[in-house]
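Residues in the sequence shown are numbered from 1 upward in steps of one, following full-length UniProt numbering. For glycine and all other residues, C-beta sits at the position ideal for the given N, C-alpha and C. This report concerns only the one structure given below.
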Amino acid sequence: MNSVSRWIALTYSTLVLTATLVRAETHVFNWTTGWGTYNVDGTKERPVITCNGEWPWPDVTVNKGDRVEVYLNNGFDDRNTSLHFHGLFQNGTNQMDGPNMVVQCPIGPGDTFLYNFTVEDNVGTYWYHSHTAGQYQDGMRGTFVVQDKDDFPYDYDEDVVLQLGEWYHDVTDVLHHQFLSVYNPTGAEPIPQNLIMNNTRNNTWHVQPDTTYLLRLVNTGGFVSQYFWIEDHEMEVVEVDGVYTDRNTTNMIYITTAQRYSVLVHTKNSTDRNYAVMQKFDDTMLDKLPADLQLNTTNYMVYNADAELPDEDVVDELDFLDDFYLVPYNKVEALGDPDYRITVNVSMDNLINGINYAFFNNLTYVVPKVPTLMTALSAGEDAVNAEVYGSNTHSYVLGKDEIVEIVLNNLDSGTHPFHLHGHVFQTMVRDVAYDADTDVPHPYQEDDHPAFPEYPMLRDTIYVRPQSNFVIRFKADNPGVWFFHCHIEWHLTQGLAFVLIEDPQGIQERSSQQLTESSINACKSLGVPFEGNAAGNTDDYMNLKGENVQEKFIPSGFTAKGIVAMTFSCLAAVLGLVAIAVYGLMDLSNIEEKVINELDLDVDQVVAADSNTEDNESEPKRRINSD
Ligand SMILES: *[C@@H]1O[C@H](CO)[C@@H](O)[C@H](O)[C@H]1NC(C)=O
Ligand SMILES: *[C@@H]1O[C@H](CO)[C@@H](O)[C@H](O)[C@H]1NC(C)=O
Ligand SMILES: *[C@@H]1O[C@H](CO)[C@@H](O)[C@H](O)[C@H]1NC(C)=O
Ligand SMILES: *[C@@H]1O[C@H](CO)[C@@H](O)[C@H](O)[C@H]1NC(C)=O
Ligand SMILES: *[C@@H]1O[C@H](CO)[C@@H](O)[C@H](O)[C@H]1NC(C)=O
Ligand SMILES: *[C@@H]1O[C@H](CO)[C@@H](O)[C@H](O)[C@H]1NC(C)=O
Ligand SMILES: *[C@@H]1O[C@H](CO)[C@@H](O)[C@H](O)[C@H]1NC(C)=O
Ligand SMILES: *[C@@H]1O[C@H](CO)[C@@H](O)[C@H](O)[C@H]1NC(C)=O
Ligand SMILES: *[C@@H]1O[C@H](CO)[C@@H](O)[C@H](O)[C@H]1NC(C)=O
Ligand SMILES: *[C@@H]1O[C@H](CO)[C@@H](O)[C@H](O)[C@H]1NC(C)=O
Ligand SMILES: *[C@@H]1O[C@H](CO)[C@@H](O)[C@H](O)[C@H]1NC(C)=O
Ligand SMILES: [Cu+2]
């Protein structure tokens, strides 16, 4: 190369570099929450949560490296809010991750929070949603795509997002109230009224012939998994949860809430006819099947607007792709033996207030008095001690760059999609389902497990099968406080969550992790302390006196039957039944007092639950009978 061409080459590469730098944009959004009335599924108008007075929330598309600034204004007058960008690593910006009392104070009515972060290490398909009190089931959610056209490994002509979800005719407030109630002792989840696609039913997707679409499927629902297929069209999976994969061709996808699949769909040459785009409930997740519930929903892939719309596409079997066997495009090898192992058992049970909760190792998540990230930032050297985060946040402290393994044993008979914030993880093992009627739960056996895959699947949300187990691994290379929880919103409200405090000293040292003005103001506005241990104690971080804790377990002898009995009785009768069950035929004169004292029964709670549910008599009985 002579000097001139070298100069040209140099100039050229400088230009390319400059162009790359210039391309990093800042996207500013100014969003205010509110309520509007919409008929989403074509069968009922109901209130939904709007963004600047409109619904649905916008689809966001950014390029890798861009900065995002979202001013989230709480326009509600009676509730807090927050926003989580599902799947983004938020490396160095942990306080922008969203969950209330984990990394931030709730945003109070009238307040504004600035979510400000760059998208450095994520590419592909994501979404954002409120991380407060089931608000995203009322519509507070949207898609978030990180383009990286230069490095995307496959060719396609057009990029299209597609949201899947389920829809309720009641707002979450009403459903929560019925769900977390003494009248729902089995914890039966509310049954949705319909499946929706792209926030409607009968979604029509107009396509061109002989075209390759990159279809980005996102399940933005809060409860059920779905089967998805397109009549007479194959799909090639190329991305899951922001991880590019080797192509895998399938006719059907199974997608849990919060998961994403990008698939290449090549359209036909002929435009003679149109095709059905199908979605189907995973009905095994529903406690009961109302006769009028439509399990299959037909949407349309339209080649020709003048041709007829197709009927439902019926298939013989639900032959879907098992994501466990997908191979990441980058061929990341399986991580070696863990430095740290967390083993958790999932179960569900009633506590003494009669409400059905969800547990990891008998702990149901209870919010601390100080957001856990703020405890980590203010605890100094004590930050490495898990105790300062409280006994009921179920916190684990991880060392910098440790290989961490989570073994999850599902003692429950349901399917649960689990999500880890701040990471994608390798799926080492996912065991088969065990029949709830004939089998006992099968915990993971370290000395007798199937061979680990060479290049395990990486993703941020994965389901465990009934009474089964999974094993996942990741490297603790993202200092921060990361929530691990079931992405069924009902189960999160039942407490199915634990917390990882990853490299607390690494958090403290990085300037970008220090609390922003907006973060501090959110706390001040609601009077939530932003320093101190889980109990709000700043003098002695090891003194947890006054921390929030869960209700007590029901003592043996006072069985779930006693709880069920409550639902048919007024308070006096309840205590009578309990008393008879526990004490037999004792002197009944001061029995109420004895029961209250000995069981430490929270009478206020029982009374509250009792009166709250009065307006809703027919519902609870049906639920109980169905179980
Ligand atoms: C956001 O919009 C509201 C209402 O239009 C306005 O009052 C506020 O100043 C805006 N905030 C920013 C940061 O642009
Ligand atoms: C979809 O089609 C069904 C049946 O044809 C109809 O009842 C429903 O109102 C439609 N929904 C919407 C949102 O258009
Ligand atoms: C908002 O959050 C604060 C602080 O956690 C809490 O005290 C308050 O009850 C919350 N408001 C509502 C309506 O839940
Ligand atoms: C967002 O964060 C960056 C990096 O800390 C900072 O330079 C910028 O000023 C912040 N944006 C706003 C609006 O505060
Ligand atoms: C889904 O809705 C988005 C707008 O929110 C639209 O851009 C996209 O084309 C729709 N996808 C399909 C497959 O209909
Ligand atoms: C579809 O048409 C293109 C040209 O437009 C042609 O190259 C291709 O072979 C055709 N495919 C089929 C399956 O006929
Ligand atoms: C729903 O779809 C499945 C799979 O295609 C089919 O077997 C079943 O008959 C359908 N059910 C109804 C009620 O259409
Ligand atoms: C595709 O997925 C199937 C499981 O559904 C698996 O057996 C197969 O090995 C995968 N192939 C590739 C190339 O990923
Ligand atoms: C988890 O459940 C298994 C099976 O019931 C039991 O053997 C094990 O002790 C439990 N572990 C914990 C931590 O509760
Ligand atoms: C959880 O509770 C069950 C039933 O009360 C008990 O058998 C088990 O040992 C407990 N496990 C732990 C880890 O405390
Ligand atoms: C997070 O950022 C730090 C500092 O820039 C870097 O050392 C680390 O590798 C990053 N972690 C990930 C997972 O990208
Ligand atoms: Cu769950």
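Exercise. Secondary structure at residue 639, three-state DSSP: helix, strand or coil?
Worked result: Outside the modelled stretch of the chain, which goes from 1 to 627, sits residue 639, for which no answer is possible.
Exercise. Between the C-alpha atoms of residue 663 and residue 206, what's the straight-line distance to the nearest angstrom?
Worked result: Shown here, the chain extends from 1 to 627; a query on residue 663 therefore has no answer.
Exercise. Within 6 Å: the Cβ of residue 30 and any heavy atom of ligand 1?
Worked result: At least one heavy atom of ligand 1 lies closer than 6 Å to the C-beta of residue 30.
For this session: Could you spell out where the beta strand (DSSP E) holding residue 484 opens and where it closes?
Result: Residue 484 -> beta strand (DSSP E) spans 480 to 486.
For this session: Ignoring anything shorter than 3 residues or poking outside the UniProt domain "Plastocyanin-like" (34 to 150), list the beta strand (DSSP E) runs there in chain order.
Result: Here the runs fully enclosed are 46 to 51, 60 to 63, 67 to 73, 84 to 86, 112 to 118, 124 to 129 and 141 to 147.
Problem set entry | Complete runs of the alpha helix (DSSP H) confined to the region 354 to 381 [at least 4 residues] | Runs of the alpha helix (DSSP H) inside the region 354 to 381: 372 to 378.
Exercise. At a cut-off of 6 Å, is residue 232 close to ligand 11 when judged by its beta-carbon and the heavy atoms of the ligand?
Worked result: No, Cβ of residue 232 sits at least 6 Å from all heavy atoms of ligand 11.
Exercise. Are the Cβ atoms of residue 80 and residue 49 separated by less than 7 Å?
Worked result: Not closer than 7 Å, so no.
Exercise. Considering only C-alpha positions, which residue in the set 230, 283, 305 and 321 is nearest to residue 249?
Worked result: In terms of CA proximity to residue 249, 321 leads the group 230, 283, 305 and 321.
Problem set entry | Simplified DSSP state of residue 227, which is helix, strand or coil | Residue state, collapsed to three classes: strand.
Exercise. Enumerated in chain order, which unbroken segments of the beta strand (DSSP E) with a length of 3 residues or greater are wholly contained in the UniProt domain "Plastocyanin-like" (158 to 304)?
Worked result: Listed in chain order, they are 158 to 167, 194 to 197, 204 to 206, 212 to 219, 226 to 230, 235 to 240, 243 to 250, 253 to 255, 260 to 266, 275 to 281 and 296 to 302.
Problem set entry | residue 461 beta carbon less than 7 Å from that of residue 417 | In terms of Cβ geometry, residue 417 and residue 461 form a close pair [threshold 7 Å].
For this session: Could you check the C-alpha separation between residue 648 and residue 125 for me, to the nearest Å?
Result: This structure gives no information on residue 648, because the portion of the chain shown stretches from 1 to 627.
For this session: Just jot down, in chain order, the residues whose CB lies closer than 5 Å to any heavy atom of ligand 7.
Result: Result: 296, 314 and 315.
For this session: Run the CB neighbour count on residue 431, radius 10 Å, all protein chains shown included, and call it buried at 16 or more, exposed below.
Result: By the neighbour-count rule (16 or more Cβ atoms within 10 Å), residue 431 is buried.
Problem set entry | Own chain, CB closer than 7 Å to residue 568, minus 5 neighbours either side, in chain order | Any reading at residue 568 must be qualified, since the residue scores a pLDDT of 43, below 50, and its modelled position is unreliable; the value itself is stated next. Result list for residue 568: empty, nothing under 7 Å.
Problem set entry | Among 444, 494 and 97, the one whose alpha carbon lies nearest that of residue 434 | Checked all of 444, 494 and 97; the closest Cα to residue 434 is 444.
Exercise. With 16 other CB atoms within 10 Å as the buried threshold, where does residue 238 fall?
Worked result: Classification of residue 238: buried, given that the 10 Å Cβ count is 16 or more.
For this session: Please report the Cβ distance between residue 542 and residue 387, rounded to the nearest whole angstrom; I am assuming they are in contact, meaning their Cβ atoms lie under 8 Å.
Result: Contact holds; Cβ gap of about 6 Å.
Exercise. Going by the beta-carbon positions, is the gap between residue 286 and residue 355 smaller than 7 Å?
Worked result: No, they are not a contact pair.
For this session: May I ask you to list the residues that DSSP assigns as paired with residue 461?
Result: Its beta-bridge partners are 419.
Exercise. If we ignore side chains and look at the alpha-carbon of each, how far apart do residue 493 and residue 231 end up?
Worked result: Rounded to the nearest angstrom, the gap between the Cα atoms of residue 493 and residue 231 is 37 Å.
Exercise. What separation, rounded to the nearest whole angstrom, lies between the Cα atoms of residue 411 and residue 455?
Worked result: Whole-angstrom Cα-Cα distance: 28 Å.
Exercise. What are the start and end residues of the beta strand (DSSP E) that includes residue 426?
Worked result: Residues 425 to 430.
Exercise. Just the residues with CB closer than 6 Å to a heavy atom of ligand 8, in chain order, which are they?
Worked result: Qualifying residues, in the order they occur: 246, 248, 321, 322, 325, 326 and 327.
Problem set entry | Boundaries (first-last residue) of the beta strand (DSSP E) holding residue 501 | It spans 497 to 502 - the beta strand (DSSP E) in which residue 501 sits, taken as one unbroken run.
Exercise. Just the residues with CB closer than 5 Å to a heavy atom of ligand 9, in chain order, which are they?
Worked result: Neighbourhood of ligand 9, defined by CB distance below 5 Å to any of its heavy atoms: 345, 361 and 443, in chain order.
For this session: Closer than 6 Å by C-beta to residue 602: which residues in its own chain qualify, once you throw out the five before and the five after it? Chain order, please.
Result: In this prediction, residue 602 has a pLDDT of 48, which is less than 50 and means its spatial position is unreliable; nothing more can be read from the coordinates.
For this session: Using a threshold of 7 Å, state whether the C-beta atoms of residue 293 and residue 280 are closer than that.
Result: In this structure, residue 280 does not lie closer than 7 Å to residue 293 by Cβ.
Problem set entry | Check: residue 69 C-beta below 6 Å from any heavy atom of ligand 4 | It does: the Cβ of residue 69 is within 6 Å (strictly closer) of some heavy atom of ligand 4.
Exercise. Short check: CB of residue 94 to CB of residue 480, under 7 Å?
Worked result: Between residue 94 and residue 480, the C-beta spacing is below 7 Å.
Problem set entry | Distance between residue 501 and residue 376 (C-alpha atoms, nearest Å) | Looking at the two C-alpha atoms, the distance is approximately 8 Å.
Problem set entry | beta-carbon residue 311 near ligand 11 non-hydrogen atom, thresh 6 Å | No, the beta carbon of residue 311 sits no closer than 6 Å to any heavy atom of ligand 11.
Exercise. Going by DSSP, which residues form a beta bridge with residue 474?
Worked result: By DSSP's assignment, residue 474 forms a beta bridge with 404.
Problem set entry | residue 329 - partner residues in DSSP beta bridges | DSSP links residue 329 through a beta bridge to no other residue.
Problem set entry | Helix, strand or coil at residue 23 according to DSSP, with G and I counted as helix | Looking at residue 23 - three-state DSSP - the assignment turns out to be helix.
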